[in-house]
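Chains as they are written, first to last, in the working numbering: chain X, 1 to 142; chain Y, 1001 to 1126; chain Z, 2001 to 2360.
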Amino acid sequence: MGLIHNSRIKSPWIMHFDNSSCNGCDIEVLACLTPLYDVERFGIVNMGNPKHADVLLITGPVNRRTARVLRNLYDQVPGPKMVIAVGTCASTGGVFHNCYNVLGGVDKVVPVDVYIPGCSVRPEAIIDGVVLALQKLASANL
Amino acid sequence: MENIIQITKNDIVNEGKKLLDAGAKFVTAVCNDLDEKLEVTYFFSANRGVDLTCLRYTVGKDEEVPSLTGTTLSTLLIENEMKELFGLKVKDLAIDYGGHLMLAHDSPTTPMLKPKKAEAESKGEI
Amino acid sequence: MATRTTVPFGPQHPVLPEPVQLRITYEDEKVVEVVPVIGYGQRGIEKACELNEYNKNIYLCERVCGICSYQHSESVVLATEQLWPLDIPPRTKFLRTIWAEMARTHSHLLWLGLFADAFGYESMFLQFWRIREKVLDILEQTAGHRVIQSVNVVGGVRRDIDEAQKKTVIDTLNVVRRESDDLVNVLINDYTVKSRTVGVGVMTKAQAMALGCVGPTLRGSGVSEDARLTKYSAYGELNYEPIVETAGDCYARMKVRARELFQAIDLQMEALSKLPEGEIAIKVKGGPPANETVARTEAPRGELYYYAKGNGTRHLERMKIRTPTFANLPAVLILLPGCQLADVPVNIHSLDPCISCTER
Chain X
1 MGLIHNSRIK SPWIMHFDNS SCNGCDIEVL ACLTPLYDVE RFGIVNMGNP
51 KHADVLLITG PVNRRTARVL RNLYDQVPGP KMVIAVGTCA STGGVFHNCY
101 NVLGGVDKVV PVDVYIPGCS VRPEAIIDGV VLALQKLASA NL
Chain Y
1001 MENIIQITKN DIVNEGKKLL DAGAKFVTAV CNDLDEKLEV TYFFSANRGV
1051 DLTCLRYTVG KDEEVPSLTG TTLSTLLIEN EMKELFGLKV KDLAIDYGGH
1101 LMLAHDSPTT PMLKPKKAEA ESKGEI
Chain Z
2001 MATRTTVPFG PQHPVLPEPV QLRITYEDEK VVEVVPVIGY GQRGIEKACE
2051 LNEYNKNIYL CERVCGICSY QHSESVVLAT EQLWPLDIPP RTKFLRTIWA
2101 EMARTHSHLL WLGLFADAFG YESMFLQFWR IREKVLDILE QTAGHRVIQS
2151 VNVVGGVRRD IDEAQKKTVI DTLNVVRRES DDLVNVLIND YTVKSRTVGV
2201 GVMTKAQAMA LGCVGPTLRG SGVSEDARLT KYSAYGELNY EPIVETAGDC
2251 YARMKVRARE LFQAIDLQME ALSKLPEGEI AIKVKGGPPA NETVARTEAP
2301 RGELYYYAKG NGTRHLERMK IRTPTFANLP AVLILLPGCQ LADVPVNIHS
2351 LDPCISCTER
């Protein structure tokens, strides 16, 4: 248990990427940062740069154009990294399952650690999911 | 729906320009798959957006049709969209996205077209 | 000799949470050319609308856009009802109007926050979103969910607003009005905000009409146009007149939305006070007849067009969705060229882009 490992769990930096979601989950991810839910009190900071991120929050189903972008972003996040699929579409494709341009859930393209169901996800559920991911990270033998 | 004016494909530029010059605003265009042909409807709104006027023409699936983008840029996205989702052959687009405005390189081509009735019947799907 | 650089703005960018790419060519710090590249949000909802039964389309179309989800469900329901056409009870119409204006209140608060963030007012962003949570609370209490309400069905609505809820809604709206009044005053009168937005991204009346802009973007350029003038749902019985600003710059567009926020609260109050008694839904049997129609509603971002064509079965022949951002997007072609690099986010945000709407 090194210093970096401890601080990563105390203060994970998050990057949010929207695949082709309906925005419902995205605004809830943003709502997590605002005063009522305020995830910054847990040390969670939202980053714009994948190279600074520890946790990848992904919303929306993967479509044929974002699959490449998602793969690219995932490769840029330094390890150890956690991928969280936020919402039903990100988990399975959800209501968009029969749309021609949708490949399905995020796990069709990158490995996923935590699935958060819900359409759209409540901010409490997102915070719960991040905590689950951190527990997984903490228990990992690094 | 009221105010549908049937025109031919060559009149669309003139008729559209006439409406726009009279103070109308382009709203959208809708393409319908009529099995053998494509039906294209342009919507214009006037009188503070309350009244709708439609210009409608029908063309064969392999006929070229003129673009309104020479007159107004507002039809740019929708004409590109009809071109790639329905395979409507719109010529002289101001910016031609080449079939990749919406669709990625590995997406299905012309996904909005319905299966041809004759073929579907022979397969016993109807 | 100035050098030209092309910078991709997106598809993953901190300013816009949504995936869209703008290929912007700069000459030193000045934008000379811009090409919007969309398609990152393309799912194929219009095709799926033909594959689903008509009553499932409501849940699908709501998810065209999570911010104006209420107006999407209202439009798809109106379009399907107009195919028969069905006679909807008056109470339902008022309930739909109340929720639509509630959704507009939350959407405009969201936008004002994001816009403040675009020019660096982060604490103001947080303040607006703090107020917005109160609106989401009453939305959840009355309609059932914060974001995706699923309260509309073909033939009516699924929930009613009772007297106790009515009181909560009115009390909350009064608090929201008081608190947003303070913040909006700061936003409108602040020297720094004015210097960042006044005269930035000017679009004249003629340009806005020629590009087919809709909603607050169009009304900020001095055109008094609004789908609510078509008197759908209960708007015919409410005291409504569109809000118009004439300057056509980012400041004017901001002011339109700020004033519409208070107008939306007033409309909810008026509709609640006039809420008639009666049924909230009627029974519907069979599929919509072979017919075609257009439903037009005013979403927070502008006019929403749904074209529906039935064929007598429970599946629709065709559903076409024209969303407000799809109409507003060509405006970046004239707003951005000539502006400074630092003004690009302000200009883009002033249109209130919703990319998942655009691409469906």
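By construction, the Cβ of each residue, glycine as well, lies at the ideal position given by its N, Cα and C atoms.
Considering only residues of the same chain and omitting the five flanking positions on each side of residue i, which have a CB-CB separation below 6 Å?
| i | result |
| --- | --- |
| GLU2101(Z) | ALA2264, LEU2267, GLN2268 |
| PRO2330(Z) | LEU2211 |
| GLY1087(Y) | THR1110 |
Mapping DSSP to helix, strand and coil, what is residue i?
| i | result |
| --- | --- |
| GLY104(X) | strand |
| ASP2042(Z) | Contrary to the premise, residue 2042(Z) reads as Gln rather than Asp in this sequence. In this structure, GLN2042(Z) counts as coil in the three-state DSSP scheme. |
| ALA143(X) | No answer is possible for residue 143(X): it lies beyond the span of chain X, which begins at 1 and ends at 142. |
| THR2006(Z) | strand |
| ASP2137(Z) | helix |
| ASP2226(Z) | coil |
| CYS2250(Z) | helix |
| SER20(X) | coil |
| TRP2129(Z) | helix |
| MET47(X) | strand |
| GLU2237(Z) | helix |
| MET2319(Z) | strand |
| PRO2289(Z) | coil |
| ARG1056(Y) | strand |
| VAL55(X) | strand |
| CYS2354(Z) | coil |
| VAL2344(Z) | helix |
| LEU1088(Y) | coil |
So which of the options has the shortest CA-CA distance to residue i?
| i | options | result |
| --- | --- | --- |
| THR2313(Z) | GLU2046(Z), LEU2051(Z), MET2254(Z) | LEU2051(Z) |
| THR2325(Z) | CYS2049(Z), MET2254(Z), LEU2086(Z), ARG2301(Z) | ARG2301(Z) |
| LEU1034(Y) | LEU2351(Z), CYS2354(Z), ARG2318(Z) | ARG2318(Z) |
| ASN1014(Y) | ILE1004(Y), SER1067(Y), ASN1047(Y) | SER1067(Y) |
| GLU28(X) | GLY105(X), LEU3(X), THR59(X) | THR59(X) |
| VAL39(X) | PRO12(X), GLY48(X), PRO61(X), ASN72(X) | PRO12(X) |
| GLY2310(Z) | ASP1062(Y), ALA1024(Y), ASN1032(Y) | ASN1032(Y) |
| GLY2010(Z) | LEU57(X), LEU73(X), ASN6(X) | LEU73(X) |
| VAL86(X) | LYS136(X), HIS5(X), GLY129(X) | GLY129(X) |
| THR1109(Y) | ASN101(X), SER20(X), ASP107(X), GLY93(X) | ASN101(X) |
| ARG2043(Z) | ARG41(X), CYS32(X), CYS22(X) | CYS22(X) |
| ARG2177(Z) | ILE2131(Z), ALA2103(Z), GLU2074(Z), SER2273(Z) | ILE2131(Z) |
| LEU1970(Z) | GLU2179(Z), THR2005(Z), VAL2153(Z), GLN2127(Z) | Within the shown structure, residues of chain Z are numbered from 2001 to 2360, placing residue 1970(Z) beyond reach of any answer. |
| TYR115(X) | ALA90(X), ALA31(X), VAL62(X) | ALA90(X) |
| TYR2232(Z) | TYR2026(Z), VAL2284(Z), THR2197(Z), ILE2088(Z) | ILE2088(Z) |
| GLU2163(Z) | LYS2274(Z), VAL2007(Z), ILE2348(Z) | LYS2274(Z) |
| PHE2128(Z) | ILE9(X), CYS25(X), THR34(X) | THR34(X) |
| GLU2241(Z) | THR2230(Z), GLY2248(Z), TYR2251(Z) | THR2230(Z) |
| ALA1094(Y) | ALA1022(Y), ASP1021(Y), THR1075(Y) | THR1075(Y) |
Could you give the C-beta distance for residue i and residue j, rounded to a whole number, given that I count them as a contact under 8 Å?
| i | j | result |
| --- | --- | --- |
| SER1107(Y) | ARG64(X) | 5 Å |
| VAL2316(Z) | TYR2054(Z) | Residue identity check: residue 2316(Z) is Leu in the sequence provided, not Val. About 6 Å; that satisfies the 8 Å criterion. |
| ALA2227(Z) | GLY1049(Y) | 7 Å |
| VAL2064(Z) | SER2356(Z) | 7 Å |
| ILE2045(Z) | LEU2060(Z) | 6 Å |
| ALA2271(Z) | THR2097(Z) | 5 Å |
| ALA2281(Z) | GLY2156(Z) | 2 Å |
| ASP18(X) | GLU2018(Z) | 5 Å |
| GLY2039(Z) | HIS1105(Y) | Between HIS1105(Y) and GLY2039(Z) the Cβ distance is about 11 Å, and since that is not below 8 Å, they are no contact. |
| PRO50(X) | ALA140(X) | Incorrect: roughly 20 Å between the Cβ atoms, too far for contact. |
| SER2180(Z) | LEU2261(Z) | 6 Å |
| ASN2328(Z) | THR2217(Z) | 5 Å |
In chain order, what residues of the same chain lie with their CB nearer than 8 Å to the CB of residue i, ignoring the 5 residues before and after it?
| i | result |
| --- | --- |
| PRO111(X) | VAL83 |
| THR1053(Y) | ASN1003, ILE1005, LEU1019, ALA1024, PHE1043, PHE1044, SER1045, ALA1046 |
| LEU2114(Z) | PHE2125, HIS2349 |
With a cut-off of 8 Å, does the C-beta of residue i fall near any C-beta of chain C?
| i | result |
| --- | --- |
| PRO1115(Y) | Looking for chain C here will not work: the only protein chains present are X, Y and Z. |
Excluding the 5 residues flanking residue i on each side, which residues of the same chain have their C-beta closer than 7 Å to its C-beta?
| i | result |
| --- | --- |
| LYS2255(Z) | ILE2188, GLU2245 |
| ARG2373(Z) | The shown model of chain Z, from 2001 to 2360, leaves out residue 2373(Z), and the question about it has no answer. |
* To do: Output, in sequence order along the chain, the residues in the stretch 63-74 of chain X whose CB is closer than 7 Å to any CB in chain Z.
  => Those residues of the stretch 63-74 of chain X that come within reach of chain Z (Cβ to Cβ, closer than 7 Å) are ASN63, ARG65, THR66, VAL69, LEU73.
* **Against chain Y: residues of the stretch 98-126 of chain X by CB proximity under 8 Å** => From the stretch 98-126 of chain X, only TYR100, ASN101 have a Cβ closer than 8 Å to chain Y.
* Determine which residues of the stretch 1031-1042 of chain Y have a Cβ less than 9 Å from any Cβ of chain X, and write them out in chain order. => Residues of the stretch 1031-1042 of chain Y whose Cβ lies closer than 9 Å to any Cβ of chain X: none.
* Asked: Between the stretch 1056-1080 of chain Y and chain Z, which residues of the former have a C-beta closer than 7 Å to a C-beta of the latter?
  -> Of all residues in the stretch 1056-1080 of chain Y, THR1072, LEU1073, SER1074, LEU1076, LEU1077 have a Cβ within less than 7 Å of some Cβ in chain Z.
* Taking a Cβ distance cut-off of 7 Å, strictly less, list which residues of the stretch 2037-2065 of chain Z are near chain X, in chain order. => Going along the stretch 2037-2065 of chain Z in chain order, one finds GLY2039, TYR2040, GLY2041, GLN2042, ARG2043, GLY2044, ILE2045, LYS2047, ALA2048, LEU2051, TYR2059, LEU2060, ARG2063, VAL2064, CYS2065 with a Cβ nearer than 7 Å to chain X.
* Asked: Which residues, taken in chain order from the stretch 2292-2306 of chain Z, show a beta carbon closer than 9 Å to some beta carbon of chain Y?
  -> For the stretch 2292-2306 of chain Z, which is checked against every Cβ of chain Y, the residues closer than 9 Å are GLU2292, THR2293, VAL2294, ARG2296, GLU2303, TYR2305.
* When you check each C-beta in the stretch 2191-2220 of chain Z against every C-beta of chain Y, which residues fall closer than 7 Å? -> When CB distances to chain Y are screened at a threshold of 7 Å, the residues of the stretch 2191-2220 of chain Z falling below it are MET2209, ALA2210, LEU2211, GLY2212, in chain order.
* Asked: In chain order, what residues of the stretch 2218-2241 of chain Z put their CB closer than 8 Å to some CB of chain Y?
  -> Hits within the stretch, in order: SER2224, GLU2225, ASP2226, ALA2227, LEU2229, THR2230.
* Closer than 7 Å, Cβ to Cβ, to anything on chain X: give me those residues from the stretch 2069-2089 of chain Z, in chain order. => Listed by position along the chain: SER2069.
* Interface positions of the stretch 2322-2334 of chain Z facing chain Y (Cβ-Cβ less than 9 Å), listed along the chain -> Cβ contacts with chain Y: ARG2322, PHE2326, ALA2327, LEU2329, PRO2330, LEU2333, ILE2334.
* Residues in the stretch 30-45 of chain X having any Cβ partner in chain Z nearer than 7 Å -> Listed in sequence order: LEU30, ALA31, THR34, PRO35, LEU36.
* Chain-ordered residues of the stretch 1012-1028 of chain Y with a beta carbon less than 7 Å from chain Z -> If the cut-off is 7 Å between Cβ atoms, the stretch 1012-1028 of chain Y has LYS1025, PHE1026, VAL1027, THR1028 near chain Z.
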